[in-house]
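A quick write-up on the structure given underneath.
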Amino acid sequence: MINDVQTWVSVAAYTGAGLAMGLGAIGAAIGEGYTAAQANFAVSRNTKLSGDVFKSMLVGQAIAESASIFALVIAVLMLFYKMPDATMIKAASLLGAGFCMGFGAIGSGIGSGLPGGQACIGLARQPSIGNRLTTNMLIGSAVCQTPAIFSMVVALMLIFIDFSKAPLFPTWAAVIGAGLSTGLAAIGSGMGGGFAAGASCEGVARQPETAGPVTTTMLVGQAVAQTPSIFGLLISFVLMFKAFPESTTFAASAGLLAAGISTGFGGIGPGVGNGMAAEGAVRWVARSVENAGGLMRIMLVGQAVSQSTAIYAMVVSLCLIFVV
Amino acid sequence: MAIEGADIVKAAAFLGAGLAMGLGAIGPGVGEGMAAAKTCEAIGKNPKEAGLLTRTMLVGQAVSESTGIYSLVVALLLLFVV
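Same order as they appear, the protein sequences are chains A and B. Residue numbering for the first sequence follows our numbering, beginning at 1 and increasing consecutively. Residue numbering for the second sequence follows our numbering, beginning at 1001 and increasing consecutively.
Shown next as structure tokens:
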């Protein structure tokens, strides 16, 4: 059975759309469920505030939802956009875009749900600081969305860039690797950012007067937790824009695919770990604000060590791309 | 295209290197983060012992790091030696 190129491009577009939406729905659903569970708990504690808690829950859920809306946009685009350049490379890059957006939305969806839930609990505890709590929640969950936005950017680039001039071997592997790198690395950063944001909402509700140092520690911790997804983005850009010489060996293709896999999977653990370290620091800055400086320092030292494996993974990817 | 045996072996080594380092990095990242989180908690409770706690954290993290370094070594062996 021999099919023309257009058939394979359509197959890849539909498979990619399914992957983007199917995987992309996981995280947002978990995050929103967590928010709703905490909101119910908060209402049971303080039934008079059910209206405010309900509002806060919906705002928190709306942000968590945005990760899966990105996935929906990419999926619908792949279903209905007519590709001007039907080549086998385009088929591979559509598959890569599907992986990228699908995996990339998981972490941000879960992560954004955590501050939403903690804001609901906090509102029941300290109704008078509702505005400050909501602001803190919005800042924290906005940062959690950045890995999903990186994934959407890479997915859009994979859909719209014309790769048809590049040699099919090994560019097909480079574009799939580009999708896997950003998509997988975004899982850890999204979740890690959420841990820090959740702890900061809890802290602001517990000790409203510490809101300034708590938010600062959260932002620094989240920024470090984002770095693994930035490594993923970097490797994706290299894989998309470096001109690879034509090579019909299987090894050349496998090396580029493995470059994406290494930085992608390698970013998950450090992203989550950096987030945990930030969570611990933020929680205890709220409880003992006079130690904020020392806690920030130990958080950064701990994060630096946790980060090291993401850097090893990036080094292996760069070796796979440039050296071997 | 004709695929030769040596080519498949090399391709498998590259894929293996990517998988080894990628998957191997997950555990140490999470584990070291847990250690750092608990150290922040402990320093929050008892700031006077910050030096001792930092030392304990770094030693614990170094042990946790070892599997990440094993992965790196295996990945580099797959890339450049075998």
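Even for Gly, the Cβ is constructed at its ideal location relative to N, Cα and C.
With the criterion set as a beta carbon lying under 9 angstroms from some beta carbon of chain B, the members of the segment 227-257 of chain A are P228, T248, T249, F250, A251, A252, S253, A254, G255, L256, L257, in sequence order.
Taking all protein chains in view, the Cβ of A313(A) is crowded by 16 or more other Cβ atoms within 10 Å, so the residue is classified as buried.
Around the beta carbon of P228(A), 16 or more other beta carbons lie within 10 angstroms, which makes this residue buried. Comparing alpha carbon positions, the residue from L318(A), F195(A), I268(A) closest to K242(A) is L318(A).
Per the C-alpha coordinates, the member of V53(A), T87(A), K90(A), F99(A) positioned closest to A75(A) is F99(A). By the Cβ test, the segment 210-221 of chain A is not in contact with the segment 163-179 of chain A, since fewer than three Cβ pairs between them sit closer than 8 angstroms. When DSSP states are grouped into helix, strand and coil, Q222(A) belongs to the helix group. Between M78(A) and I161(A), the C-beta spacing is not below 8 angstroms. Neighbours of T35(A) in chain B, taken as residues whose beta carbon is under 8 angstroms from its own, are absent, since the nearest beta carbon is some 22 angstroms off. Bounds of any alpha helix (DSSP H) do not take in D162(A), whose DSSP letter is neither H nor E. Listed in chain order, the alpha helix (DSSP H) elements of length 4 or more contained wholly in the segment 1004-1043 of chain B are 1005-1024. Chain B has no Cβ within less than 8 angstroms of the Cβ of G293(A). For Y81(A), none of the residues of chain B pass the 8 angstroms Cβ criterion, the least Cβ distance being about 31 angstroms. In the DSSP annotation of this structure, the continuous segment of the alpha helix (DSSP H) that includes Y312(A) starts and ends at 292-318. The C-beta of E1032(B) comes closer than 8 angstroms to at least one C-beta of chain A. When Cβ-Cβ separations below 8 angstroms define contact, L1077(B) makes no contact with chain A.
CA-CA distance, G203(A) to L1078(B), rounds to 47 angstroms. For L233(A), the number of other beta carbons within 10 angstroms of its own is at least 16, and it is reported as buried.
Boundaries of the alpha helix (DSSP H) around S108(A): 88-125. The C-beta of G51(A) comes no closer than 8 angstroms to any C-beta of chain B. One thing to note: A1017(B) has its Cβ within 8 angstroms of the Cβ of A258(A).
With 16 or more other Cβ atoms inside 10 Å of its own Cβ, F163(A) counts as buried. When C-beta distances to chain B are compared with 7 angstroms, every residue of the segment 65-81 of chain A stays at or above that value.
Comparing alpha-carbon positions, the option among V285(A), E209(A), G293(A), G177(A) lying closest to F237(A) turns out to be G177(A).
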